[in-house]
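Have a look at the structure below, then the notes.
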Amino acid sequence: MHKKRGKKRLVGFQVEEDECIWMKAGVVNFRLCDNAFDCYNCPFDAGMQRAMSPRDHAEIELKEPGWVDHLKKHYHGPERPCRHALTGRIDAPKICPMNYECYHCAFDQMLDEFDIGKLGDPPDYVLASGYKMAKGYYYHLGHCWVRFDHGGRVKVGFDDFMVKLFGASQFLALPPLGATLKKDQVGLTFGRDDHKAASLSPVTGTVLAVNQKVQEYPGIPHEDPYHEGWLYILEPDMPKKNLKGLYYGKESMQWIEHESRKLLSLMGPEYERLAATGGRSISDVFGNFPQLGWDLLAKTFLRTAKI
Numbered sequence: 001m002h003k004k005r006g007k008k009r010l011v012g013f014q015v016e017e018d019e020c021i022w023m024k025a026g027v028v029n030f031r032l033c034d035n036a037f038d039c040y041n042c043p044f045d046a047g048m049q050r051a052m053s054p055r056d057h058a059e060i061e062l063k064e065p066g067w068v069d070h071l072k073k074h075y076h077g078p079e080r081p082c083r084h085a086l087t088g089r090i091d092a093p094k095i096c097p098m099n100y101e102c103y104h105c106a107f108d109q110m111l112d113e114f115d116i117g118k119l120g121d122p123p124d125y126v127l128a129s130g131y132k133m134a135k136g137y138y139y140h141l142g143h144c145w146v147r148f149d150h151g152g153r154v155k156v157g158f159d160d161f162m163v164k165l166f167g168a169s170q171f172l173a174l175p176p177l178g179a180t181l182k183k184d185q186v187g188l189t190f191g192r193d194d195h196k197a198a199s200l201s202p203v204t205g206t207v208l209a210v211n212q213k214v215q216e217y218p219g220i221p222h223e224d225p226y227h228e229g230w231l232y233i234l235e236p237d238m239p240k241k242n243l244k245g246l247y248y249g250k251e252s253m254q255w256i257e258h259e260s261r262k263l264l265s266l267m268g269p270e271y272e273r274l275a276a277t278g279g280r281s282i283s284d285v286f287g288n289f290p291q292l293g294w295d296l297l298a299k300t301f302l303r304t305a306k307i
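Each step along the sequence shown adds one to the number in this note's numbering, with nothing skipped, and position 48 is 48.
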């Protein structure tokens with residue numbers, strides 16, 4: 001498949017507010033956030049900091065972000081809203097008691113920790129060739145989904161095509177906390193019976209959390225791949241850089257349809273003809289068609305070598 005080129009905007013999952021904090025502060029007239037409110041890794045924020053900072057480098061290191069200075073001037077006392085209320089991360093009103101000094105705010109730290117452990121609301125779905133696709137998620141060619149949450153953190157899991165292709169896993173080896181995963185390199189392994197396969201990491205980043213529940217019950221992703229069956233959470237290395245090679249929206253549906261046709265062609269002419277008719281997907285392809293070969297399926301659809 002050929003993908004359209006162009007500047008990509010990182011779309012955060014269920015991030016309803018999209019006005020940049022610099023716009024909220026009144027510094028710029030119009031700017032929409034394209035980095036899921038991960039200001040610390042935002043090129044636009046870095047550029048604004050340089051443009052508004054003094055020349056002396058020692059002063060630059062000590063100076064607060066420019067948007068903080070403007071928010072302090074614009075809001076006073078009980079009228080001062082928390083920056084997370086301004087960006088839609090929490091419901092207003094929440095008043096900032098720290099004068100926008102977020103770096104030592106207990107609420108700011110608690111919110112980050114809460115978001116890591118929070119399951120949140122399940123996504124809405126659409127169907128592509130009988131496979132569920134979660135709205136607002138990105139998809140990697142190795143059949144993992146990627147969800148960019150508020151602040152740029154990334155949640156990762158298997159897509160519906162993958163869990164139906166290999167059936168319910170009997171074991172999962174998730175990456176350890178603190179590990180650095182590289183995009184398009186092995187991030188975890190899974191298997192059933194005496195078969196084992198590797199799955200590529202869809203983004204580069206540091207592992208912040210893993211889903212202990214799926215380690216104990218590895219069949220969960222087969223039943224609920226996009227919600228209860230999530231696998232791990234990453235602190236990504238520059239979120240927008242990780243967008244390259246990921247599918248989103250209509251593009252992801254077209255890709256799954258292409259993968260479905262490829263699978264049906266492997267299954268034989270009688271199944272390949274079904275591609276034009278649509279219909280329901282098979283919930284355990286390998287279990288019903290073991291002659292396809294576990295290693296061939298892993299090589300073809302997960303893009304990983306035999307292990």
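We put the CB at the ideal spot given by N, CA and C, even for glycine. All of these numbers come straight from a predicted model, not from anything done at the bench.
Simplified DSSP state of residue i, which is helix, strand or coil
i	result
Glu228	coil
Ser252	helix
Phe158	strand
Ala209	strand
Ser199	strand
Glu259	helix
Lys289	Here residue 289 turns out to be Phe, not Lys, going by the sequence shown. In the structure shown, Phe289 sits in coil (DSSP, three-state: anything other than H, G, I, E or B).
Glu235	strand
Tyr379	Here the chain has residues from 1 to 307 only, and residue 379 is not among them.
Glu19	strand
Thr377	Residue 377 lies beyond the residue range present for the chain, which begins at 1 and ends at 307; the question has no answer from this structure.
Pro43	helix
Ala173	strand
For residue i: DSSP bridge partner residues
i	result
Leu127	Lys132
Tyr217	Looking at the DSSP assignment, Tyr217 forms no beta bridge with any residue, so it has no partner.
Trp145	Tyr139, Gly157
Val186	Leu200
Arg192	His195
Check whether residue i and residue j have beta carbons under 8 Å apart
i	j	result
Pro175	Gly187	yes
Tyr139	Trp255	yes
Val203	Leu234	yes
Val146	Val156	yes
Pro236	Gly205	yes
Ser129	Ser281	yes
Ala197	Trp294	yes
Glu272	Ser265	yes
Gly142	Leu200	yes
Phe161	Tyr131	yes
Leu302	Val285	no
Tyr100	Lys72	yes
Distance, residue j Cα to residue i Cα
i	j	result
Asp121	His227	8 Å
Val11	Met267	36 Å
Ile220	Val210	14 Å
Cys82	Pro43	23 Å
Arg80	Gly152	25 Å
Gly287	His222	13 Å
Glu19	Ala134	24 Å
Leu297	Pro239	30 Å
Leu208	Gly178	6 Å
Lys250	Asp159	16 Å
Ala305	Leu292	16 Å
His76	Gln185	49 Å
Asp193	Gly245	32 Å
Gly315	Gln212	Because the chain in this structure spans residues 1 to 307, residue 315 falls outside the shown range and cannot be described.
Glu257	His150	30 Å
Phe289	Glu270	14 Å
Same chain only: Cβ atoms within 6 Å of residue i, ignoring 5 sequence neighbours per side
i	result
Met98	Cys105
Tyr247	Tyr139, Trp255
Lys299	none
Leu127	none
Ile307	Lys196, Ala198
Cys96	Arg80, Cys82
Ser283	Lys164
Close beta carbons around residue i, own chain, < 8 Å, minus the five adjacent residues each side
i	result
Pro218	Ala168, Ser169, Gln170, Phe171, Leu172, Phe190
Asp56	Caution is warranted here: a pLDDT of 47 is assigned to Asp56, below 50, making its placement in the model unreliable, and the coordinate value is therefore given only provisionally. Excluding positions up to five away in sequence, the list is empty.
Neighbourhood of residue i by C-beta distance below 7 Å, restricted to the same chain and skipping five residues each side
i	result
Gln309	Within the shown structure, residues of the chain are numbered from 1 to 307, placing residue 309 beyond reach of any answer.
Lys183	Ser201, Pro202, Val203, Thr204, Asn242
Chain C contact for residue i (CB, 8 Å cutoff)
i	result
Lys182	The structure shown has no chain C; it contains just one protein chain.
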